[in-house]
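Here's the structure, in C-alpha cells; my notes come after.
Protein chains: 2
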Amino acid sequence: MTFNQDSIDQAIGVLKQQFGDRLSVSRSVREQHGHTTTRMPNQPPDAVIFAENADEISSIMQTCHKLGCPVIAFGAGSSLEGHVNAPHGGISIDMSQLDQVLVVNNEDLDVVVQPGITREALNDFLRDSGLFFPIDPGANASIGGMAATGASGTNAVRYGTMRDNILGMQVVTADGRIVRVGGRARKSSAGYDLTRLFIGSEGTLGIITELTLRLQGIPEVIAGGICSFPNLHAACDAVIMTVQMGIPVARIELLDPLQVRACNAYSKLNLPEEPLLLVEFHGSAISVEDDVKRFAEICADLTHSPFQWSNEPEQRSKLWKARHDAYWAALALIPGAKAYATDVCVPISNLASCVEETIKDIKENGLTAPIVGHVGDGNFHVLPLAMPDDDAMNDKISAFAKRLTTRALAFGGTCTGEHGVGQGKRDSLREEMGDAVDLMAGIKASFDPVGILNPGKVFN
Amino acid sequence: MTFNQDSIDQAIGVLKQQFGDRLSVSRSVREQHGHTTTRMPNQPPDAVIFAENADEISSIMQTCHKLGCPVIAFGAGSSLEGHVNAPHGGISIDMSQLDQVLVVNNEDLDVVVQPGITREALNDFLRDSGLFFPIDPGANASIGGMAATGASGTNAVRYGTMRDNILGMQVVTADGRIVRVGGRARKSSAGYDLTRLFIGSEGTLGIITELTLRLQGIPEVIAGGICSFPNLHAACDAVIMTVQMGIPVARIELLDPLQVRACNAYSKLNLPEEPLLLVEFHGSAISVEDDVKRFAEICADLTHSPFQWSNEPEQRSKLWKARHDAYWAALALIPGAKAYATDVCVPISNLASCVEETIKDIKENGLTAPIVGHVGDGNFHVLPLAMPDDDAMNDKISAFAKRLTTRALAFGGTCTGEHGVGQGKRDSLREEMGDAVDLMAGIKASFDPVGILNPGKVFN
Chain R
1 MTFNQDSIDQ AIGVLKQQFG DRLSVSRSVR EQHGHTTTRM PNQPPDAVIF AENADEISSI
61 MQTCHKLGCP VIAFGAGSSL EGHVNAPHGG ISIDMSQLDQ VLVVNNEDLD VVVQPGITRE
121 ALNDFLRDSG LFFPIDPGAN ASIGGMAATG ASGTNAVRYG TMRDNILGMQ VVTADGRIVR
181 VGGRARKSSA GYDLTRLFIG SEGTLGIITE LTLRLQGIPE VIAGGICSFP NLHAACDAVI
241 MTVQMGIPVA RIELLDPLQV RACNAYSKLN LPEEPLLLVE FHGSAISVED DVKRFAEICA
301 DLTHSPFQWS NEPEQRSKLW KARHDAYWAA LALIPGAKAY ATDVCVPISN LASCVEETIK
361 DIKENGLTAP IVGHVGDGNF HVLPLAMPDD DAMNDKISAF AKRLTTRALA FGGTCTGEHG
421 VGQGKRDSLR EEMGDAVDLM AGIKASFDPV GILNPGKVFN
Chain L
1001 MTFNQDSIDQ AIGVLKQQFG DRLSVSRSVR EQHGHTTTRM PNQPPDAVIF AENADEISSI
1061 MQTCHKLGCP VIAFGAGSSL EGHVNAPHGG ISIDMSQLDQ VLVVNNEDLD VVVQPGITRE
1121 ALNDFLRDSG LFFPIDPGAN ASIGGMAATG ASGTNAVRYG TMRDNILGMQ VVTADGRIVR
1181 VGGRARKSSA GYDLTRLFIG SEGTLGIITE LTLRLQGIPE VIAGGICSFP NLHAACDAVI
1241 MTVQMGIPVA RIELLDPLQV RACNAYSKLN LPEEPLLLVE FHGSAISVED DVKRFAEICA
1301 DLTHSPFQWS NEPEQRSKLW KARHDAYWAA LALIPGAKAY ATDVCVPISN LASCVEETIK
1361 DIKENGLTAP IVGHVGDGNF HVLPLAMPDD DAMNDKISAF AKRLTTRALA FGGTCTGEHG
1421 VGQGKRDSLR EEMGDAVDLM AGIKASFDPV GILNPGKVFN
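Line order of the protein sequences matches chains R and L. With this note's numbering applied, the first sequence covers 1 to 460. With this note's numbering applied, the second sequence covers 1001 to 1460.
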C-alpha cells in the first residue's frame, strides 16, 4: 500500500477550508493521536480533525476517498496493538466531541450513544436509571473504540463481549455513505450480520458514528471474594467446575504467584504467593448467597486456603484491591520499566497447562512478566517488563511474545482474546486463520477499494 | 442472474461420474429437496447429491464454480422462507450423511459436529454428559441449517441465538477452498468476525461443513408456569419487568386470545381466552425458587389470574401443553387449511402495541391468524390460515404479511427475528436496511463472484 504525500497534503488543504481550527497540524496534537500507551513507536498522522457529527465525517471520507488519503478514527487512544498509529500518514479523526447519550430506552434496556463517549461517562450518566453498560476493559476507553476493537474484559464471562452487547450502529463508509446496520430489536435474521462484522474491524471497514447498546439492570446485590490455590491446575479446575455447574459468576480473575507478590509489595497485602482467584457474583440477595455457597464448596474441594467474601462494598473492594492495583503493582516490579502488554485466549481445559508453560518460558529466559487472567473465558494477559533502553531485553520480550502466540494456537486458542490485531499481531492472524484471512481481505477490498481506512492494521 | 442449462447439465454429468448413485435426478428426490414445508411453491433442483464429507463438497464446488452451476445446501428442509428452493435450478447438496458428533469437550462445554446432525439427535447424544445444546427453533432442524439461517426460538431470551452459540466453523467457499473461521476459544479479537458473517448468510457465502458449538449444563431444576392477563399490555409489562429485574427466565412465551381458544379446543384445556404467558426457569433449586417467587410477585401486580407453576416434569409438561400443541391447534382452526408462517421482532416496549395493531388488522380483514411470541426478545409469529385453493384469501394474507413487516419496522423492529430472508423477505430486507444491503451484496460478490451459492435468496 502506498500513498502519495501530495494527495494527502491536498486532502488536508481541502479539509482545512472546511474545518478551520478544528483541523490541527501541530506536532503535539499529532503525536498525541499516534500511539502513546504501548510499546509501539509513535507514528503521528499528518493532521487531526476534531469532528462533531456523522455528516462531517461523511464529508471527510468523500474527500479522502477521492484523493487517496488515509483516515484513522481515534477514540481514547487506549488500545494496545498500535491501532491508532499512522504508519502511512494521513488524517486522524478525533471522535471525542461525539460524546452524547442520544436516547435511553428504559423498558428495552438499551441506549443510543455517540462513539466518543467513554464507558465511565456512560455509566455515570445511566446511574439514576438503575441500568449499566457491563463491558469493562479496564481502561476508560471510548465506546466507539471498544466496538472497533471488539473489547471485553473482566465480566465478559457473565455479560459477553462488545459483540454480544451492540444491537445496531450507524457507520460512515470509506466513500462517505452513511449507513445503518442492525437495529433496536433484540434479535434479527435480516441479512448478513454487518453489525458484528464492523465490531472488531479496527477502523478498517468504516467509521462508527452511533451505537445502540444493550444495558443491564444494576444488580441488587454484588458479592466479591478471593481464594488462593496450591497450584494453577487447582485454580483452573475451580473455574471449570464453576462454569460447568452453571454458577453465573460475573467476574473470575486469576493472578499468578509473581503478580500476587507484586500486589503484596505495592498494595501492602499479605496474600500467600500462590495462584489467586478473585470472583464477583451479581444478582438477588438469595441467588448471590446461593452462588457464594456453591463456589465455596468448589474451593473447599481444591484448596486448604479459605474463601473470603463479602457483599459490603467497602470490604469487597478491599478483597479485590490486589486486582484493582494489579497493573501498577506489576509496573512497580522494575521501577522505570515499560510494559509489553499482550493477551491470548485458550479453551479453559488447556488454561492451566498453557499458563504453566508460559511461566516456565518466562523463568528460563530471565523475564519479569506477571500474569493476570479473565479465566472464565480462558483469556490471560502477560506483562513482560523492560527498561525502554534495554534493547537486549526488549528483543527477548518480542521473541517471547511470538512464542506465547504460537503456544496459545497449539493449545487450540487464539492469538488475541481482546486486544485485537492492530499492527502487532498481523503475522499471528495469518498463522491462526490461514486462508480465512483472504476472505477478510476480500471484504476489505469491497468496502474500501482505495484502502484509506486505517491502512497497515489487521493485514500485512 | 442467469444460468445456462447446458452448463448445469454439464456439471451434473461431471459429478455423476464422481458420485454415481449418490447423485439423484429422480423427480421425487428433487421435489423433496425443493421447498415443502411452507407456502412457497416447490422449485426442485436439477439434481441432488448426497455428500459425505468436506472434500467431496469442495470438489462439487470446484466443478460448479468452473461451469456456473447453482448449488444449494439442504439440511432438514424445515426453513420457512423458501431457503432451499432452486429457482435457477442446479444442484442441491443433501447434508444428512454428515451427521457425526466429532468431539465432545466436557471441560470446555463445547462440541464439534457435522452440519447434518439434527438438534434432537445431538441432544440425545449429549444426554449422558450432563450437557445440552440450548437453541430450540421448534422443528427438528439440522445444526448446519440452523447456523445458516441464524435460528433461535423459545429460549433465546436466556441462551441467545445461533450467533451466540457457535465458536467456530469449517466452511467450503464458492470456489472449493476449505477454510476455518473462529476456533475453540471462548472469545477472540483476531480479525473480522467471519463466523458470525456465515451464520445467517443462508448458504449464499459458503457451505458449512463443521461447527464448534457452545454447550450448557443441563439445569439441576426446571420449573414451568403459566399465567393469564386481562390484556396484552399487562402481559407485556410482566415481560418487561421480568427482564428489567434481571430474572434469568429461560423461556417466556405469549399466546394471543385466538391461539388460546385454538388450544382449548385442540388440547381440551380450559384456559381463559385472554393473553397467556408461559414461562420456564432453569437453575439450582434455590435460584429457581427465587425466580418463581419474584415472577409471581410481578404477576400479582398485573393480573387477578393465578400464576400456576411446577418443577415436576409431568405437571410442568401439562401446564405447557397449550404451547407444545400450539402449531397443530392453530392449523385445526380451519381443517385442511395451510399456514403462512411469518415472524417479526420489535423492541419489547412496542410489543403490546404492535401485537394489538396486528390483531386489529387481522379482524378488520377477516383473517384467521393466531399469534405466538417469544416475547422476552420481542419476537412474534403470526400464522394466517387459508385453504390452498382460496386465492382471494391467499392474496389477502400476502398483503397482510407485507403490512405486518412495515408495521414492525415502524415500531423500530426488524422484518424477521428468526425465520430469515430467503425468497420471501427480499423486498423487506431493502425496506429495513437500505444501503446496507449494498454492503452485503459487495461481500456476496467478493465471496462468490460467479453467484452460484443459493441464487435468488437474500438479494433480489
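All C-beta atoms in this analysis are idealised placements derived from N, C-alpha and C, irrespective of residue type, glycine included. Because the structure is a prediction, the values reported are computed rather than measured.
Give the single residue among the options whose Cα lies nearest to the Cα of residue i.
{"i": "R/Gly138", "options": "R/Glu120, R/Ala148 and R/Gly130", "result": "R/Glu120"}
{"i": "R/His381", "options": "R/Leu255, R/Leu429 and R/Tyr266", "result": "R/Leu255"}
{"i": "L/Leu1080", "options": "L/Thr1414, L/Tyr1340 and L/Gly1451", "result": "L/Tyr1340"}
{"i": "R/Ser267", "options": "R/Trp328, R/Asp291 and R/Ala296", "result": "R/Trp328"}
{"i": "L/Tyr1192", "options": "R/Glu314, R/Ala147, R/Lys360 and R/Gly182", "result": "R/Ala147"}
{"i": "L/Glu1431", "options": "L/Lys1338, L/Phe1125, L/Glu1031 and L/Gly1413", "result": "L/Gly1413"}
{"i": "R/Ala234", "options": "R/Ile298, R/Asn155, R/Arg27 and R/Asp110", "result": "R/Ile298"}
{"i": "R/Val179", "options": "L/Ala1436, L/Ile1008 and L/Val1243", "result": "L/Ala1436"}
{"i": "L/Gly1075", "options": "L/His1324, L/Ser1059, L/Thr1368 and L/Ile1208", "result": "L/Ile1208"}
{"i": "L/Gln1114", "options": "L/Ser1142, L/Phe1400 and L/Ser1284", "result": "L/Ser1142"}
{"i": "R/Pro347", "options": "L/Asp1108, L/Val1458 and L/Pro1087", "result": "L/Asp1108"}
{"i": "R/Leu383", "options": "R/Pro370, R/His374 and R/Met393", "result": "R/Pro370"}
{"i": "R/His35", "options": "R/Ala47, R/Thr342, R/Val292 and R/His83", "result": "R/His83"}
{"i": "R/Val181", "options": "R/Asp175, R/Phe198 and R/Ala174", "result": "R/Phe198"}
{"i": "L/Asp1377", "options": "L/Ile1049, L/Ala1156 and L/Asp1006", "result": "L/Ala1156"}
{"i": "L/Pro1272", "options": "L/Gly1246, L/Arg1316, L/Gln1315 and L/Ala1322", "result": "L/Ala1322"}
{"i": "L/Gly1176", "options": "L/Phe1459, L/Gly1456, L/Lys1457 and L/Ile1452", "result": "L/Ile1452"}
{"i": "L/Ala1540", "options": "L/Val1071, L/Leu1331, L/Ala1250 and L/Arg1214", "result": "The requested residue 1540 of chain L does not occur in the structure, where chain L is confined to residues 1001 to 1460."}
{"i": "R/Gly150", "options": "R/Asn454, R/Gly417 and R/Ile443", "result": "R/Gly417"}
{"i": "L/Ile1334", "options": "L/Asp1128, L/Leu1258 and L/Val1101", "result": "L/Leu1258"}
{"i": "L/Phe1295", "options": "L/Gly1442, L/Lys1187 and L/Phe1281", "result": "L/Phe1281"}
{"i": "L/Leu1006", "options": "L/Asp1046, L/Arg1214 and L/Gln1018", "result": "Looking at the sequence itself, residue 1006 of chain L is Asp, so the reference to Leu does not match. The residue with the shortest Cα to Cα distance from L/Asp1006 is L/Asp1046."}
{"i": "R/Ile226", "options": "R/Ser317, R/Ile362 and R/Tyr159", "result": "R/Ser317"}
{"i": "R/Gly465", "options": "R/Gly366, R/Leu351 and R/Asp361", "result": "The structure shown does not extend to residue 465 of chain R, since chain R is modelled only from 1 through 460, so no value can be given for it."}
Helix, strand or coil for residue i per DSSP?
{"i": "R/Gly442", "result": "helix"}
{"i": "L/Trp1320", "result": "coil"}
{"i": "L/Lys1338", "result": "strand"}
{"i": "L/Ala1151", "result": "coil"}
{"i": "R/Asp110", "result": "strand"}
{"i": "R/Asn105", "result": "strand"}
{"i": "L/Val1437", "result": "helix"}
{"i": "R/Cys345", "result": "strand"}
{"i": "R/Val142", "result": "The question names Val, yet the displayed sequence has Ser at residue 142 of chain R. In this structure, R/Ser142 counts as strand in the three-state DSSP scheme."}
{"i": "L/Asn1454", "result": "coil"}
{"i": "R/Ile117", "result": "coil"}
{"i": "L/Thr1405", "result": "helix"}
{"i": "R/Ser96", "result": "coil"}
{"i": "R/His374", "result": "strand"}
{"i": "L/Ala1156", "result": "helix"}
{"i": "L/Ala963", "result": "Outside the shown range of chain L, which is 1001 to 1460, sits residue 963 of chain L, and nothing can be said about it."}
{"i": "R/Phe380", "result": "strand"}
{"i": "L/Thr1414", "result": "strand"}
{"i": "R/Phe132", "result": "strand"}
{"i": "L/Ala1332", "result": "coil"}
Could you tell me whether any non-hydrogen atom of the ligand GTP is closer than 6 Å to the CB of residue i?
{"i": "R/Asp301", "result": "In terms of ligand content, the structure shown is empty, and the ligand GTP therefore cannot be addressed."}
### Query
What are the complete alpha helix (DSSP H) segments, minimum 4 residues, inside the stretch 1014-1094 of chain L?
1027-1033 and 1054-1067
### Message
For the stretch 1335-1355 of chain L, list every residue whose C-beta sits within 7 Å of some C-beta in chain R, in sequence order.
### Response
Cys1345, Val1346, Pro1347, Ile1348 and Ser1349
### Message
To test your reading of the DSSP string, which unbroken alpha helix (DSSP H) runs of 4 or more residues are found completely within the stretch 166-227 of chain R?
### Response
194-198
#### Entry: Contiguous beta strand (DSSP E) assignments of at least 3 residues, all confined to the stretch 1241-1307 of chain L
1249-1255 and 1276-1283
### Query
Are there three or more Cβ pairs, one per stretch, closer than 8 Å when the stretch 203-211 of chain R is compared with the stretch 1163-1181 of chain L?
no
### Query
If we count Cβ pairs, one from each stretch, closer than 8 Å, do we get three or more for the stretch 129-138 of chain R versus the stretch 397-413 of chain R?
no
### Query
Are three or more beta carbon pairs between the stretch 1383-1392 of chain L and the stretch 1049-1063 of chain L nearer than 8 Å?
no
### Task
May I ask you to verify whether the stretch 24-35 of chain R touches the stretch 1005-1024 of chain L, counting CB pairs closer than 8 Å and requiring at least 3?
no
### Query
Just by C-beta distance, which residues in the stretch 148-167 of chain R are closer than 7 Å to chain L?
Thr149, Gly150, Ser152, Ala156, Thr161, Arg163 and Asp164
### Query
What residues in the stretch 1388-1421 of chain L have a beta carbon less than 7 Å from any beta carbon of chain R?
Gly1412, Gly1413, Thr1414, Cys1415, Thr1416, Gly1417, Glu1418, His1419, Gly1420 and Val1421
### Task
Report the residues of the stretch 1032-1055 of chain L with a CB closer than 9 Å to any CB of chain R, ordered along the chain.
none
### Task
Could you please tell me which residues of the stretch 1096-1112 of chain L, in chain order, have their CB closer than 9 Å to any CB of chain R?
Asn1105, Asn1106, Glu1107, Asp1108, Leu1109 and Asp1110
### Contact list for the stretch 227-243 of chain R against chain L, Cβ threshold 7 Å
Ile240 and Val243
### Task
For the stretch 1180-1191 of chain L, enumerate the residues whose C-beta is nearer than 8 Å to any C-beta of chain R, in chain order.
Arg1180, Val1181, Gly1183, Arg1184, Ala1185, Arg1186, Lys1187, Ser1188, Ser1189, Ala1190 and Gly1191
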